[in-house]
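If you read the protein sequences in the order shown, they are chains P and F. Just so we're aligned: 18 in numbering that gives the first Met the number 0 is position 19 of the first sequence, and the numbers increase by one with no gaps anywhere. Just so we're aligned: 291 in numbering that gives the first Met the number 0 is position 292 of the second sequence, and the numbers increase by one with no gaps anywhere. Report on the structure given below.
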Amino acid sequence: MAVAAARLPSPGGLRGLARNETLRNRVIVAGLLLLGVAYPFFYRMIPSAIPAPDLNNLIVMSYYAILALGLNIVVGFAGLLDLGYVAFFAIGAYTAAFLSSPHFDIHLTWWIVVWVAVAIAALSGILLGAPTLRLRGDYLAIVTLGFGEIVPLVFRNLPGDITGANQGIRPIDPPTIPLAGPWGDQLSFSNSNLQLALYLVLALLVFSYWLCQRMRDSRLGRAWMAIREDETAAASMGINTVNTKLLAFALGASLSGFAGAFVGAYQTAIFPESFRFSISITILVVVILGGMGSLRGAVVGAFALQYVNLTFLRWVGQYVNPPLNSVGRSTGIEFLENFVLHSYNFLIFGIVLVVMMVVRPEGLLPTRERKAELHGIGVAAEETAATADEVATHETALEEAGEAVTIEDLPPEDQKRDR
Amino acid sequence: MTDIRPDPDPSGPGSEQLREAVSTPTTGVPAQGSDPVFEARGVTKRFGGLLAVSEVDFTIPRGAIVSLIGPNGAGKTTFFNMITGLYRPTSGQIRFDGRDLTGLKPHEVVRAGIGRTFQNIRLFGNMSAVDNVLVGLHHRLKGRWWEAILRPPSIVAEEKRAFDEAERLLAFVGLEGKTHITARNLAYGDQRRLEIARALATEPKLLLLDEPTAGMNPEETRRLTDFVRRLRSDLGLTVLLIEHDMQVVMGISDRVTVLDHGERIAEGSPDTVRRDARVIEAYLGSGAAAGVGTH
Chain P
0 MAVAAARLPS
10 PGGLRGLARN
20 ETLRNRVIVA
30 GLLLLGVAYP
40 FFYRMIPSAI
50 PAPDLNNLIV
60 MSYYAILALG
70 LNIVVGFAGL
80 LDLGYVAFFA
90 IGAYTAAFLS
100 SPHFDIHLTW
110 WIVVWVAVAI
120 AALSGILLGA
130 PTLRLRGDYL
140 AIVTLGFGEI
150 VPLVFRNLPG
160 DITGANQGIR
170 PIDPPTIPLA
180 GPWGDQLSFS
190 NSNLQLALYL
200 VLALLVFSYW
210 LCQRMRDSRL
220 GRAWMAIRED
230 ETAAASMGIN
240 TVNTKLLAFA
250 LGASLSGFAG
260 AFVGAYQTAI
270 FPESFRFSIS
280 ITILVVVILG
290 GMGSLRGAVV
300 GAFALQYVNL
310 TFLRWVGQYV
320 NPPLNSVGRS
330 TGIEFLENFV
340 LHSYNFLIFG
350 IVLVVMMVVR
360 PEGLLPTRER
370 KAELHGIGVA
380 AEETAATADE
390 VATHETALEE
400 AGEAVTIEDL
410 PPEDQKRDR
Chain F
0 MTDIRPDPDP
10 SGPGSEQLRE
20 AVSTPTTGVP
30 AQGSDPVFEA
40 RGVTKRFGGL
50 LAVSEVDFTI
60 PRGAIVSLIG
70 PNGAGKTTFF
80 NMITGLYRPT
90 SGQIRFDGRD
100 LTGLKPHEVV
110 RAGIGRTFQN
120 IRLFGNMSAV
130 DNVLVGLHHR
140 LKGRWWEAIL
150 RPPSIVAEEK
160 RAFDEAERLL
170 AFVGLEGKTH
180 ITARNLAYGD
190 QRRLEIARAL
200 ATEPKLLLLD
210 EPTAGMNPEE
220 TRRLTDFVRR
230 LRSDLGLTVL
240 LIEHDMQVVM
250 GISDRVTVLD
260 HGERIAEGSP
270 DTVRRDARVI
280 EAYLGSGAAA
290 GVGTH
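As structure tokens, then:
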């Protein structure tokens, strides 16, 4: 054991605080960001035989990633099942709409509005959390579910012209920077300029990711995870569980408000209909699909799910729908005649989720802890000081030092696990 | 973030105290007797019609190792849970170190200076050993949520100190080198030790150990018994044990309290308790009271 520890580069600190982010990870992140920035310049050249997302799809994927990161704080870190997360999304979007549209004739700049939306969403998180966090497990889930249903209903049914009822609120001012140039007298980050909107949402995503990472690797992050693991034990170690859970709700909700403020301004219009229960579930599916508690998982899960939803199913549909429709017409089977593949998206997600639970319950990119939990690296592997991550770090470090890594270089327990 | 009390030691992080305590042993066994650090008076717990603990008086002298024994269902763990704030006593009063603890919440009891372990190990299974200990340090750290995000130098330094201290505590309980192992993957004995390290991280004056030797073999039990003695001699802790292993109880306790059916039926030195007719009756049945002897 001591041998294994001595051979591995010691993190020498908390994860993230002093743990070396491996070079590999940084290269991957930088590469992906570069791809995102360059994408608007070349995506039109991609042949139609390749199902590539358009810019709008990419923007949706990105803001779903922000939503998933926020829900991950509540569900993945603190272990609180929140089925009404869409409520905070709606609150963020409506806040943006109220403060920068002709609706109340208030036209604050979006760069201020977004922080107001974040604050109000966080406050709503506390308001929902305060009376309900005594509940555990299923009961909390039911109450949050109700909250998620009530909020959009309130926006739809408030009397008079407060929230614009079913017609919603439009137009909402887009985020702009008054910078004159060949593009006009200002830069506008909305659906009238998809490229800039994409850059904005990517920036928001990077910022959100950074926030989550910082929170995870802190005193607060440890307290959340302790509560997720065993609330009673956490309380018996001096954690004020009520405050800590409230913070999870508030900070999780604030990211949702963040995304909401972006979406309102990006679409320049919002409707109560767009904040359905299915959004809460979709975000939850993303978190589970990616791997609960895993930040990378939340982002990759969001991109994967919305890619399938918005791009891939439609692309496959081009090839699948027409023959099925014509079969339907000739046989008179109405189901086939009207078959549209992407309208079955939720059925398909359901199947994917079930398959995932059977094949890979820890998610696409799990945290190492969940991997260990669900793949029974049990007591026998007690001496595996090196988690998979650290082995990887070790290998990279050796490779960088120009040494060939062989199985013999690793402690015996790692050899066993080396697959 | 979750701090609700002003810090009792504004001069610096409390880690200093424990660091000193770990490295420099305090003077052997502090004076005992007339100075109870802990005092329960008439503590009663009722669950509906069930009287789990009834009118128990209980004192622990400062620096003592005291055992709470009794047959299964005698109310020992219920009593523990009342001390630590998980249950609120139906009636009675609990005082610790000059403070009334009755009805405080668990995290407030910890902050008052009572740490505990659990009968069935309750580690944070999916967190690493060091993270478990760091959770124990939670209430002694000051980082707020915005500081977690902004990470000012003071917080970076605080986290470094906390990490070092957590490693020291791991080494103190004999888990050096296992810093980053996920708690659930530790061997059983190591999990017990990690639970103690986590409890020590809360900087207790009184440590409650709920059946620390349960499931251990004789060798492990012996080592743990020695370790409990070290808790007192090296850290100056007062220890309250719930224990079933009579050899352990008789070997290390200064005083033993016996509960049966929620009532205190005996209290005194191990020798007195061993000979007490009611205790023998409670353990072995009334017919065996004549068979006084060693366990």
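Even glycine gets a Cβ: it sits at the ideal position worked out from N, Cα and C. Being a predicted model, the structure only gives us computed values, none of them experimental.
Beta-carbon separation (whole angstroms), residue i vs residue j, contact threshold 8 Å
i, j, result
"Leu455(P)", "Ala303(P)", "Here chain P covers residues 0 to 418 and nothing more, so residue 455(P) does not appear."
"Val42(F)", "Ile93(F)", "6 Å"
"Ala129(P)", "Pro105(F)", "19 Å between Cβ atoms; not a contact."
"Ile113(F)", "Ile82(F)", "7 Å"
"Val112(P)", "Ala95(P)", "5 Å"
"Ala170(F)", "Val129(F)", "That pair is no contact at about 11 Å."
"Gly295(F)", "Arg197(F)", "Coverage of chain F is limited to positions 0 through 294, which leaves residue 295(F) absent and any answer about it impossible."
"Ser420(P)", "Tyr84(P)", "Because chain P spans 0 through 418 in this model, residue 420(P) falls outside it and cannot be assessed."
"Gly84(F)", "Leu103(F)", "5 Å"
"Leu70(P)", "Leu283(P)", "7 Å"
"Leu54(P)", "Leu193(P)", "4 Å"
Terminal residues of the beta strand (DSSP E) in which residue i lies
i, result
"Ala39(F)", "Pro35 to Phe46"
"Ala265(F)", "Glu262 to Gly267"
"Ser51(P)", "In the sequence on display, residue 51(P) carries Ala and not Ser. Note, Ala51(P): premise wrong, no beta strand (DSSP E); not H, not E."
"Thr256(F)", "Arg254 to Asp259"
"Ala77(P)", "First-last for Ala77(P): undefined, no H or E at that position."
"Pro60(F)", "Leu49 to Pro60"
"Phe95(F)", "Ser90 to Phe95"
"Val307(P)", "First-last for Val307(P): undefined, no H or E at that position."
"Ile68(F)", "Ile64 to Ile68"
"Thr76(F)", "From DSSP, Thr76(F) is part of no beta strand (DSSP E) but of the alpha helix (DSSP H) over Lys75 to Ile82."
"Thr237(F)", "Thr237 to Ile241"
Chain F contact residues for residue i, given Cβ-Cβ distances below 8 Å
i, result
"Ile238(P)", "Thr1, His106, Val134, His137 and His138"
"Leu210(P)", "Ile148"
"Leu250(P)", "Trp144"
Contacts of residue i in chain P (Cβ-Cβ under 9 Å)
i, result
"Gly142(F)", "Ser217, Arg218 and Leu219"
"Asn362(F)", "No information on residue 362(F) is available, as it lies outside the stretch 0 to 294 that chain F covers here."
"Thr201(F)", "Ser235, Met236 and Gly237"
"Arg197(F)", "Ala232 and Met236"
Identity of the residue in the options nearest residue i by Cα
i, options, result
"Tyr282(F)", "Ile64(F), Phe37(F), Gly72(F) and Glu38(F)", "Gly72(F)"
"Cys211(P)", "Ser253(P), Asn242(P) and Pro181(P)", "Ser253(P)"
"Asp104(P)", "Phe261(P), Asp172(P), Ile350(P) and Val298(P)", "Asp172(P)"
"Ser99(P)", "Val85(P), Val74(P), Trp114(P) and Ala86(P)", "Trp114(P)"
"Gly124(F)", "Ile180(F), Ile279(F), Pro70(F) and Ser53(F)", "Ile180(F)"
"Phe88(P)", "Ile119(P), Arg213(P) and Trp209(P)", "Ile119(P)"
"Pro88(F)", "Val52(F), Asp189(F) and Val172(F)", "Val52(F)"
"Glu430(P)", "Met355(P), Tyr306(P), Leu323(P) and Phe276(P)", "Not covered by the structure: residue 430(P). The range shown for chain P is 0 to 418."
"Arg254(F)", "Ile68(F), Gly48(F), Phe46(F) and Leu234(F)", "Ile68(F)"
"Glu228(P)", "Lys75(F), Leu100(F) and Ser127(F)", "Ser127(F)"
"Val108(F)", "Glu230(P), Gly237(P) and Phe334(P)", "Gly237(P)"
"Gly261(F)", "Leu185(F), Arg160(F), Asp225(F) and Thr76(F)", "Thr76(F)"
"Phe57(F)", "Ser66(F), Arg45(F), Arg40(F) and Asp270(F)", "Arg40(F)"
"Asp34(F)", "Pro60(F), Phe117(F) and Gly48(F)", "Pro60(F)"
Limits of the unbroken alpha helix (DSSP H) element including residue i
i, result
"Gly349(P)", "Asn344 to Val358"
"Asp189(F)", "Tyr187 to Ala200"
"Glu333(P)", "Glu333 to Glu336"
"Ile419(P)", "Given a span of 0 to 418 for chain P in the structure shown, any question on residue 419(P) remains unanswerable."
"Val339(P)", "Looking at the DSSP string, Val339(P) is not in any alpha helix (DSSP H), and its letter there is neither H nor E."
"Asp137(P)", "Asp137 to Asn156"
"Ile113(F)", "Looking at the DSSP string, Ile113(F) is not in any alpha helix (DSSP H); the run it does join, the beta strand (DSSP E), is Ile113 to Arg115."
"Ser432(P)", "It is not possible to answer for residue 432(P), since the shown part of chain P is limited to 0 through 418."
"Val132(F)", "Ala128 to Leu136"
"Leu149(F)", "Trp144 to Leu149"
Neighbouring residues, chain F, relative to residue i (Cβ below 7 Å)
i, result
"Glu228(P)", "Phe123, Gly124, Asn125 and Met126"
Under 9 Å by beta carbon: chain F residues contacting residue i
i, result
"Met214(P)", "Trp144, Ala147 and Ile148"
Under 8 Å from the C-beta of residue i: neighbouring residues of chain B
i, result
"Thr231(P)", "This model lacks chain B altogether, as its protein chains are P and F."
Within chain P, the residues that residue i reaches when beta carbons sit closer than 7 Å
i, result
"Val172(F)", "Those do not exist, as Val172(F) stays about 15 Å from chain P at its closest Cβ, beyond 7 Å."
"Val109(F)", "Ser235, Met236 and Gly237"
"Phe226(F)", "Under the 7 Å cutoff, chain P gives no residues; its nearest Cβ is about 19 Å from Phe226(F)."
Interface residues of chain P facing residue i [CB-CB closer than 8 Å]
i, result
"Arg98(F)", "Under the 8 Å cutoff, chain P gives no residues; its nearest Cβ is about 16 Å from Arg98(F)."
"Arg254(F)", "Ordered by position in chain P, no residue passes the 8 Å Cβ test against Arg254(F), which lies about 25 Å from the chain."
Any contact of the region 238-246 of chain F with the region 208-224 of chain F, i.e. 3+ C-beta pairs under 8 Å? yes
Looking at C-beta atoms only, is the number of pairs between the region 210-224 of chain F and the region 139-157 of chain F that lie closer than 8 Å three or more? no
Closer than 8 Å is the cut-off here; do at least three beta carbon pairs connect the region 265-279 of chain P with the region 145-163 of chain P? yes
Does the region 210-224 of chain P come close enough to the region 38-51 of chain P that 3 or more CB-CB pairs lie under 8 Å? no
Stretch-stretch touch, CB-based, cutoff 8 Å, three pairs: the region 61-79 of chain P with the region 326-346 of chain P: no
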